[in-house]
Each structure stands twice: as structure tokens, then as C-alpha cells.
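Sequential numbering of the sequence shown, starting at 2, is according to our numbering. Please read the structure below before turning to the comments.
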Amino acid sequence: MRAMVQSRFGGPEVLELQDLPTPVPGPGEVTLRVRAVSVNPTLDFAVRAGSYAKPVDLPHILGVDPSGTIEAVGEGVEGFAPGDRVATTPWVRKGSKATASKMLGVQAWGGCAEVVRIRAEQAHHLPKNVGFAEASVILRHAPLGVAMLRTAAALKPGEHLLVTGPLGGLGNVAIQIGRNLGASVIPVMRGGRQSDWLMAQGFDPIVLGENPGDLAQSVLRRTEGRGADVALETTGDAALFEGVFASLGRHGRLITAGGPAAGAAPIDIKRLYLNQLTIKGHTAVTSDDVTEALALAAANRIAPRIDHIAPLEDAPEIHRTYERGEMRGRGKVILDPGLPPA
2 MRAMVQSRFG GPEVLELQDL PTPVPGPGEV TLRVRAVSVN PTLDFAVRAG SYAKPVDLPH
62 ILGVDPSGTI EAVGEGVEGF APGDRVATTP WVRKGSKATA SKMLGVQAWG GCAEVVRIRA
122 EQAHHLPKNV GFAEASVILR HAPLGVAMLR TAAALKPGEH LLVTGPLGGL GNVAIQIGRN
182 LGASVIPVMR GGRQSDWLMA QGFDPIVLGE NPGDLAQSVL RRTEGRGADV ALETTGDAAL
242 FEGVFASLGR HGRLITAGGP AAGAAPIDIK RLYLNQLTIK GHTAVTSDDV TEALALAAAN
302 RIAPRIDHIA PLEDAPEIHR TYERGEMRGR GKVILDPGLP PA
């Protein structure tokens, strides 16, 4: 099989197309012929550069969210057969137990290859009306969006929901999930680029200038002095985080899963306890969250923004394009190992 392999850590130049033996599923595993895998700046770039928080063995294959068709089924696997259309989760928990100890595309070889081997628990049948490219993005981000809003934030209908990074993978599905949960959604973005897309989808974003500190006043005006009940911070931008915290109303809940710019932000401790605010980090996803995300996709209630689909050979140049800042606000890029080189 063809695969995009890195044998050392570094820039996009470490990604090399190689021919490797096609993997065979072991007990409890399946192999997947990959039809789509997204370029994920937060994880892919950290792993590639050697800056990920946990050790990564080399050689390595990136790709945390492949989707495609089942190629072969290992011993003891039930519910899957060759040809089944599936998408994957990097890891998933059933209840409180982890079913996959190695995160796909991080500690385990990922989907930037024609075929990938995964635990059967990581595969999920696709609704007929959901394409492979859409499925990769939805299963990467929407289960976490569901978990953050429904479980961590306990979002209620009619509450004001603030979401940063509404054009990113997580933020984009979060504004759609929040709307489906009956919240009044307020997307927050830096600069007005691509705000037309949000408005076309029925959202009215707050577009910030150079000073994120202006956010709190904008939110108070939008909510008639009440402030945000829930804020989902998806960027990790320290200055923006401070503004989001200041935008919370009494009993407000700020939920974060980090982000590409994750750093340190000051917190007004007095405001925290006087207003009984909550700040919570949340990254845990259960199989129920995955089921709900797929149901929303099947009902056409959430749809990701995809910029374009490219052959596997384009991966190094796509990484360079992201790192030059040229993809900001443009939606996901999907790699399809089945496409011929351009």
C-alpha cells in the first residue's frame, strides 16, 4: 500500500510517500480502505514536529479520522463485513472504560495511507446520506461537541451560548449542535473574514477587532445585560480566553478543549467566586456521544465546512499552506488516498 510516512521529526519535508506492506487485521481488529482523512493542524502538526505531549514512535503515519470501507475483518469481530461504509474515532470510551489505548494517528499509525488497521470499537457505520469526507470531520469533532455542550455544560434550551473559533472544526460543529439543542448561539471570531458564511447559515457573529477585551461589552449588549450562560472556547487564545471569561453571566460555565494556540490566561478570581462561575476542561467522549453525532448528521442537522479534497501526495504542501496561515477560516482539507496525483 502507499502511505505518507515520517521517519524523523520536523517540518512538512519529513513526510514521504512510501510503499509499505498492507496491514492484516488481528483479533478484534478490522482494516479500512481509506477514502478520506482530514488534515488536522492541532494534532498532525504537533506529532510531525515532535512537540506532542506524549512520546510518538517512529516511523509514523499521521491521520486521526479516516473513513472508508471495511477491507478485512479479524477474528472475533462481529457487526462488520468487507465493503461496509464506516468512519472512525481516534479513541472512544464505553462508559468510563477506554476501548482503544493508543490514539489513532498519534500513538498508533493513522489514516494517511491506502489501508489502516484499527480496533473494531473505533469503527462506526455511516448513514447512507453521509459522505466519507463529511464523516471524517463529523466523527473527529461532533462527538466532542456533543459531550462538551450536553454533558460538561449541561446546556439548556433558551440559554445564551458563546462559541469561539466558529469556522474551525470543533467550533463549527459546536454552533450547529448548540442550535439543535435550542440555545441562542453567538459565534465569536477575530476579523470579519468568512463571516458571510456564518450569516448565510443564520448565525449573527460578533466580529472582534484588535482588542478581545471588547468582547464582554458586546455580549452584554447582545444578551440584554445577562451575559453568556455557556461559553465554548476552542482556540486556546489566551487573550480571547480572558474576554470569554469576562463575558459569562452569573452561574456561567466556560468549557474548553484547548486548541492550536493553547497558552496561559489570567483569571479574575473574585469574579469567579462571586458569580459562581465554572471553568472546565473536557476531552472525554463516549459511544453515546458518537451515536448522537451520527444521528444529527443523518438528519442533516450538522454539516462540516470542507475546503477541498486532495490526493495523498499533496500532504506536505498542504501542511505548508496551513503553516503559512493561508487556510485560516477556509474549512477542512481532506486527503483521499484513492485519488490519482494532480
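Each residue gets a CB set at the ideal place from its N, CA and C atoms; glycine is no exception.
| Item | Value |
| --- | --- |
| E79 versus L336: straight-line alpha-carbon distance, rounded | 29 Å |
| As assigned by DSSP and simplified to three states, the class of E30 | strand |
| Nearest-angstrom Cα separation, counted from R49 out to E14 | 10 Å |
| Per-residue DSSP class, three states only, for T43 | helix |
| Limits of the unbroken alpha helix (DSSP H) element including R272 | 270-275 |
| Limits of the alpha helix (DSSP H) - the one that A299 falls within | 288-299 |
| Within the region 130-197, ranges of the beta strand (DSSP E) (whole runs, at least 3 residues) | 161-165, 185-191 |
| Of the listed residues A184, L340, P42, Q195, nearest to T224 (C-alpha basis) | A184 |
| Bridge partners - A114, DSSP secondary structure assignment | A4 |
| With 16 other Cβ atoms within 10 Å as the buried cut-off, status of S196 | buried |
| Cβ pair count under 8 Å reaching 3, the region 263-281 against the region 296-305 | no |
| Close-in-space but distant-in-sequence residues of the same chain around D215 (CB under 7 Å, 5 per side omitted) | L209 |
| Anticipated Cβ contact below 8 Å, G250 with A217, distance rounded | About 10 Å separates the two Cβ atoms, so there is no contact after all. |
| Euclidean distance between Cα positions of S322 and R331 | The residue asked about is misnamed: residue 322 is Thr in this sequence, not Ser. About 12 Å. |
| Bounding residues of the alpha helix (DSSP H) (the contiguous stretch that carries L221) | 216-223 |
| Sequence-distant residues of the same chain with beta carbon closer than 7 Å to P26, five excluded per side | T32, A73, V74, G75, R118 |
| Residue burial classification, G203 (beta-carbon count within 10 angstroms, cutoff 16) | exposed |
| P312 - DSSP class collapsed to helix/strand/coil | strand |
| Sheet register partners of A285 (DSSP bridge) | DSSP, once it has assigned bridges, lists no residue as partnering A285. |
| DSSP three-state assignment for T279, whether helix, strand or coil | strand |
| Cβ neighbour criterion (16 or more within 10 Å) applied to R9 | exposed |
| Distance, R222 Cα to A247 Cα | 13 Å |
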